[in-house]
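Residue numbers (the UniProt record's numbering): 1 to 321.
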């Protein structure tokens, strides 16, 4: 069977080639060029094309570190097929340490984009036209926002046996059933037939080695399953199977005040357990936050101050047996 053609932004990558393609959609207002490296490694042996992407939100840098480690540890040099790495998709947000594009838009809500739309929309359009059509599989790495720490987890659409099998292989500590959000990168990928896993772990503007290692080892397990993992790079066997969470809910602060978290992400709590305290600065009140049900804390707020209505915990409701 002949090798598939891979041409990105007018540059062809032949079997056995390594190439870094610089994607430039727009410049800063200072006329400074911002080029996004797309790192492509092709084996001489035909096989699947896998994309590892991160930084759709510019402040979610733990995903960038996962993809960086995949590169520096040469995990991205496949035994067969092709591996494409984009450590920072939203380079504008990354430079400014912000979630959004300079036009104020969330890149992960404007896919598939338009050629003549806003800056974020134009960027999404080029990703959809130039990169996604080549991809068979994608793992997109994210982190929690606004000081909220995500336990390492894979999110997949419900009732999709193929993605369920792939998430079993990745084997993050948690797997959540999660519908596609309109305008998201994940939604655009799935509409074009790409099998995509969305990894969440850690929080924005933070690096956490435990989260990084979960992401790297999960990626290695997927590559090993696809027959793409290089020699002497065997994937680590997971300690336990992933916990599948079918439904979950957010716990919100009933008062504003100083926030003392007592149930960090990944912990199992019983109904009625005190999982946090909210106090005022002047010693007038102290409110206990109790778990409304037994379940796993899959996201917890690390902020020292919260306001009434803030999301402070994400807790599982129903776990698949």
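Just so you know, even glycine gets a beta-carbon here, dropped at the ideal spot from N, CA and C.
Asked, Found
"Beta-carbon spacing of residue 187, residue 155 below 7 Å", "no"
"As assigned by DSSP and simplified to three states, the class of residue 94", "helix"
"Rounded C-alpha distance that separates residue 312 from residue 265", "11 Å"
"Segment contact, 8 Å Cβ cut-off, at least three pairs: the stretch 20–28 with the stretch 109–116", "no"
"Stretch-stretch touch, CB-based, cutoff 8 Å, three pairs: the stretch 188–208 with the stretch 247–255", "no"
"Buried versus exposed, by CB contacts within 10 Å (16 or more), residue 237", "exposed"
"CB contact flag (residue 43, residue 104, <7 Å)", "no"
"Separation of residue 89 from residue 31, as counted between CA atoms", "20 Å"
"Between the CA atoms of residue 142 and residue 94 - distance to the nearest angstrom", "13 Å"
"Contacts around residue 170, its chain only, beta-carbon distance under 7 Å, and the 5 residues preceding and following it disregarded", "154, 197, 218, 221 and 222"
"Residue 204 vs residue 59 beta-carbon contact at 7 Å", "yes"
"Within 7 Å, strictly: CB atoms of residue 291 and residue 269", "yes"
"Alpha carbon of residue 303 to alpha carbon of residue 276, nearest angstrom", "12 Å"
"Where the beta strand (DSSP E) containing residue 170 begins and where it ends", "Unbroken run through residue 170 is the alpha helix (DSSP H), 161–170; no beta strand (DSSP E)."
"Residue 201 - DSSP class collapsed to helix/strand/coil", "strand"
"Meets three-Cβ-pair contact criterion under 8 Å: the stretch 121–140 and the stretch 44–64", "yes"
"Pair within 7 Å by beta-carbon distance, residue 293 and residue 148", "no"
"Expected contact under 8 Å - CB spacing of residue 13 and residue 4 to nearest Å", "Actually they are not in contact, since the Cβ atoms of residue 13 and residue 4 sit about 11 Å apart, beyond 8 Å."
"Minimum C-alpha distance to residue 314 - residue among 212, 37 and 253", "253"
"Separation of residue 69 from residue 78, as counted between CA atoms", "15 Å"
"Where the beta strand (DSSP E) containing residue 258 begins and where it ends", "257–261"
"Per-residue burial, residue 310 [other beta carbons within 10 Å of its own, 16 or more giving buried]", "buried"
"Minimum C-alpha distance to residue 242 - residue among 233, 174 and 213", "174"
"DSSP-derived helix/strand/coil call for residue 217", "helix"
"Straight-line gap, residue 228 to residue 16 (C-alpha atoms, nearest Å)", "14 Å"
"Inter-residue CB distance, residue 279 and residue 62 (contact presumed, cutoff 8 Å)", "Incorrect: roughly 30 Å between the Cβ atoms, too far for contact."
"Status (buried if at least 16 other CB within 10 Å, exposed otherwise) for residue 11", "exposed"
"Residue range of the alpha helix (DSSP H) that includes residue 62", "61–72"
"Own chain residues within Cβ distance below 6 Å of residue 176, not counting five before or after", "153, 155 and 245"
"Option nearest residue 55 by Cα separation, candidates 99, 34, 35 and 319", "99"
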